[in-house]
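What follows is a set of notes on a single structure, which appears directly below.
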Amino acid sequence: MRQVIIIGSGPAGYTAAIYAARANFKPLVIASSVEAGGELMNTTEVENFPGFPEGVMGPDLMMKMQEQAEKFGAEVLLDDVVSVELTGDVKRVVTGGGQTFEALTVIFATGSANRKLGLADEDRLSGHGVSWCATCDGFFFRQKTVAIVGGGDSAMEEANFLTRFADKVYVIHRSETLRASKIMQDRALANPKIEFLWNSTIDSLLGDESLTGVTLKNTVTGDTIDVELQGLFIAIGNDPRTQLIHGQLDLAPEGTVAVKGRTSKTNLTGVFAAGDVVDPTYRQAITAAASGTVAALDAEHYLQSLPAEVLAQAENN
Ligand SMILES: Cc1cc2nc3c(=O)[nH]c(=O)nc-3n(C[C@H](O)[C@H](O)[C@H](O)COP(=O)(O)OP(=O)(O)OC[C@H]3O[C@@H](n4cnc5c(N)ncnc54)[C@H](O)[C@@H]3O)c2cc1C
Numbered sequence: 152m153r154q155v156i157i158i159g160s161g162p163a164g165y166t167a168a169i170y171a172a173r174a175n176f177k178p179l180v181i182a183s184s185v186e187a188g189g190e191l192m193n194t195t196e197v198e199n200f201p202g203f204p205e206g207v208m209g210p211d212l213m214m215k216m217q218e219q220a221e222k223f224g225a226e227v228l229l230d231d232v233v234s235v236e237l238t239g240d241v242k243r244v245v246t247g248g249g250q251t252f253e254a255l256t257v258i259f260a261t262g263s264a265n266r267k268l269g270l271a272d273e274d275r276l277s278g279h280g281v282s283w284c285a286t287c288d289g290f291f292f293r294q295k296t297v298a299i300v301g302g303g304d305s306a307m308e309e310a311n312f313l314t315r316f317a318d319k320v321y322v323i324h325r326s327e328t329l330r331a332s333k334i335m336q337d338r339a340l341a342n343p344k345i346e347f348l349w350n351s352t353i354d355s356l357l358g359d360e361s362l363t364g365v366t367l368k369n370t371v372t373g374d375t376i377d378v379e380l381q382g383l384f385i386a387i388g389n390d391p392r393t394q395l396i397h398g399q400l401d402l403a404p405e406g407t408v409a410v411k412g413r414t415s416k417t418n419l420t421g422v423f424a425a426g427d428v429v430d431p432t433y434r435q436a437i438t439a440a441a442s443g444t445v446a447a448l449d450a451e452h453y454l455q456s457l458p459a460e461v462l463a464q465a466e467n468n
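Per my numbering, the sequence shown starts with residue 152, numbered consecutively.
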C-alpha cells in the first residue's frame, strides 16, 4: 500500500509530488499514458511562470517539474487511471495497464479540457497563433489582428482583455445573440477595437508555420470569406476532467470537484483535489502548482493524524 497516490501530471500533480516526496511519502504519480505533463506540453513559450525571465518552453518546464519530483523520490508511472474506489480508508486505483494500487490518500489532479472547434489544423497550430488562453498569450499579439470564438462571458472578457494588445479584435459568433451577461456584452459592443462577426462559424484555419487567417462560413447564407488574422482565441467552454470520480466526489455547480474553503479537502476523508479540476476561474500553471502544494500539505497533515502503525503499514509496501 502507498501513502500517497497522485492522479495527473500537470503543474498541480507534479508540485504535489515534489512536496509529498520531500515530506518522505514516496508518492506514486500516475501520469497518463500519452498526455503526461498536462496542458503545457501543448504550448510553446510560457512567459508568466515566475523564475524564467526569458520565458520557458511548456514541455521543458514540465520535464523539469517531473525531474524535480523524481529527484526527491516520487515514482512516475506512464499509465491512465481507469477506475477508482475512494470511499473506504484504503483507496484503490486501477490503471489501464491492469495494475491495482492501494493508498491511504489520493490527490486528484486531472486538470480540465478546453473545448475544441474540431478543425483539422487546430492541434498543429496550437501555440502558433491558436490559443485557448488570452491571459497566457495575449501579450504575444501586440499591434496584431486577432479573433475570439465564443459568445459567453469568458469570450467577452477575453475580447476586452485582448484589446490591450491587439489593434483589432474580431468576435466570431455562430448566431446573432450572445450568451454573455448584459454588462459584459455592453462592454464588448462599446469597445471600438472590437468588431462582431455574427452568424459565422470557422470553416478552416489558414497558415503553414503559423496562423495567417480563417475561412468563415455564414450560418444563414452559407457564403464563405477569408479573414486575415495572426491570432485566434477559442473560448467555447472548458470541461473539468471528473469522469473518474462521478458518484464518489461531490462536484461544485461549475462542474469542478468541490473542495472545502481554501483547502484541497473533498467530501471524502483522505481524498484531495488540486489544479484546474477544482478551479473554474483562474486556470493558470502557477495557480495549479500552488493548489498542488495545498493538496500535498493537506495529505501530509491527514497522514500524520493516522495511527503510527497504519502509516508504517503503508510505508513498508
Ligand atoms: C495551449 C495552452 C497554453 C497555456 N499556456 C499557459 C501559460 O503560458 N501560462 C500559464 O500559466 N498557463 C497556461 N495554460 C494553462 C495551464 O496549462 C493550466 O492551467 C495548467 O496546466 C493546469 O494544471 P493541472 O495540473 O491542473 O492540469 P493539466 O496540466 O491539465 O494536467 C492534468 C494531467 O492529468 C492527466 N490525467 C487526466 N486524467 C487522467 C487519468 N485518468 N489518469 C492519469 N492521468 C490523467 C492529464 O493527462 C494531464 O497530464 C495554458 C493552457 C493551454 C491549453
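Ideal Cβ positions, reconstructed from N, Cα and C, are used throughout, including at glycine.
Quantities reported herein were computed from a predicted structural model and do not represent experimental measurements.
Can you look up Y433 in the DSSP assignment and give me helix, strand or coil?
To locate residue 433, count along the sequence shown from 1; it is residue 282. In the structure shown, Y433 sits in coil (DSSP, three-state: anything other than H, G, I, E or B).
What are the boundary residues of the beta strand (DSSP E) that V461 is part of?
Residue mapping note: residue 461 aligns to position 310 of the sequence shown, counting from 1. Careful: V461 lies outside any beta strand (DSSP E), inside the alpha helix (DSSP H) at A459 to E466.
Between which two residues does the beta strand (DSSP E) holding E273 run?
Residue mapping note: residue 273 aligns to position 122 of the sequence shown, counting from 1. Unbroken run through E273: none, as it is neither H nor E.
Give every residue of the same chain whose Cβ lies closer than 6 Å to the Cβ of Q399, excluding the five residues on either side of it in the sequence, and list them in chain order.
For this step, residue 399 is matched to residue 248 along the sequence shown. Excluding sequence positions up to five before and after Q399, its CB lies within less than 6 Å of the CB of L237, all in the same chain and listed in chain order.
Going by DSSP, which residues form a beta bridge with S282?
Locating residue 282 in the sequence shown gives position 131, counting from the first residue. Secondary-structure assignment with DSSP links S282 through a beta bridge to F384.
What three-state label does DSSP hand P162 in the structure shown?
Walking along the sequence shown from the start, residue 162 turns up at place 11. Helix.
Note down, one range per segment and in chain order, each beta strand (DSSP E) of at least 3 residues found wholly within the stretch 299–352.
319–323 and 345–348
Helix, strand or coil for V378 per DSSP?
The residue given as residue 378 occupies position 227 in the sequence shown. V378: strand per DSSP, three-state reduction.
Proximity of A409 and L402 at Cβ, strictly below 8 Å:
Locating residue 409 in the sequence shown gives position 258, where the first residue counts as 1. Locating residue 402 in the sequence shown gives position 251, where the first residue counts as 1. Yes.
At a threshold of 7 Å, does R392 count as lining ligand 1 (C-beta to nearest heavy atom)?
In the sequence shown, residue 392 corresponds to position 241, counting from 1. At least one heavy atom of ligand 1 lies closer than 7 Å to the C-beta of R392.
Heavy atom of ligand 1 less than 7 Å from the Cβ of G280, yes or no?
The count along the sequence shown starts at 1 and reaches residue 280 at position 129. No, the Cβ of G280 stays beyond 7 Å of every heavy atom of ligand 1.
Buried or exposed (CB count within 10 angstroms, at least 16 for buried), V365:
As a working note, residue 365 is residue 214 in the sequence shown. V365 comes out buried.
Output the residue ranges of the beta strand (DSSP E) runs that lie fully inside the stretch 218–259 and measure 3 residues or longer, sorted by chain position.
For the stretch 218–259, whole beta strand (DSSP E) runs of length 3 or above, ordered along the chain, are 226–228, 232–236, 242–246 and 251–259.
I want to check one thing, is the minimum distance from the CB of P204 to the heavy atoms of ligand 1 below 7 Å?
Translated into the one-based positions of the sequence shown, residue 204 becomes position 53. No - ligand 1 has no heavy atom lying nearer than 7 Å to the Cβ of P204.
Spatially closest choice to I334 from S326, M307 and L356, by CA coordinates
For this step, residue 334 is matched to residue 183 along the sequence shown. Cα-wise, what sits closest to I334 is M307.
What would DSSP say about N175, mapped onto helix, strand or coil?
Along the sequence shown, read from residue 1 onward, the residue named residue 175 stands at position 24. Three-state result, N175: coil.
Option nearest L533 by Cα separation, candidates F312, M192, G161 and I157
Since the displayed the chain opens at 152 and closes at 468, residue 533 lies outside it and no answer follows.
Beta-bridge partners of L402, as assigned by DSSP:
Indexing the sequence shown from 1 puts residue 402 at position 251. L402 is bridged by DSSP to V408.
Relative to the C-alpha of S375, which residue among W349, G358, E451 and Q381 is closest?
Residue mapping note: residue 375 aligns to position 224 of the sequence shown, counting from 1. One point to set straight first is that residue 375 is Thr, not Ser, in the sequence displayed. Selected option, being the one with the closest Cα: W349.
Compute the minimum distance between the beta carbon of T314 and the heavy atoms of ligand 1, and state whether it is under 7 Å.
Residue mapping note: residue 314 aligns to position 163 of the sequence shown, counting from 1. Not so, every heavy atom of ligand 1 lies at least 7 Å from the Cβ.
Are the beta-carbon atoms belonging to V428 and P391 less than 8 Å from one another?
Here residue 428 refers to the residue found at position 277 of the sequence shown. Here residue 391 refers to the residue found at position 240 of the sequence shown. Closer than 8 Å, so yes.
What residue does the beta strand (DSSP E) around T366 start on, and which one ends it?
Within the sequence shown, residue 366 is the residue found at index 215, counting from 1. From DSSP, the beta strand (DSSP E) with T366 extends over G364 to N369.
Any chance the CB of A298 is under 7 Å from a heavy atom of ligand 1?
On the sequence shown, position 147 is the one that residue 298 refers to. False, no ligand heavy atom lies under 7 Å from that Cβ.
Looking only at C-alpha atoms, which of A163, V197 and D304 sits nearest to A220?
As a working note, residue 220 is residue 69 in the sequence shown. If we check each option's Cα against that of A220, A163 comes out closest.
For ligand 1, any of its heavy atoms closer than 7 Å to the Cβ of R434?
On the sequence shown, residue 434 is found 283 positions in, with the first residue counted as 1. Result yes, Cβ under 7 Å from ligand 1.
Top-ranked residue by Cα proximity to F259, from G239, G382, N199 and A167
Within the sequence shown, residue 259 is the residue found at index 108, counting from 1. Cα-wise, what sits closest to F259 is A167.
Would you check whether ligand 1 has a heavy atom nearer than 7 Å to the C-beta of L191?
As a first step, residue 191 is located in the sequence shown; it is residue number 40 there, counting from the start. At least one heavy atom of ligand 1 is nearer than 7 Å to the Cβ of L191, so yes.
For ligand 3, is there any heavy atom lying closer than 7 Å to the beta carbon of D449?
This structure lacks ligand 3; its bound ligands are ligand 1.
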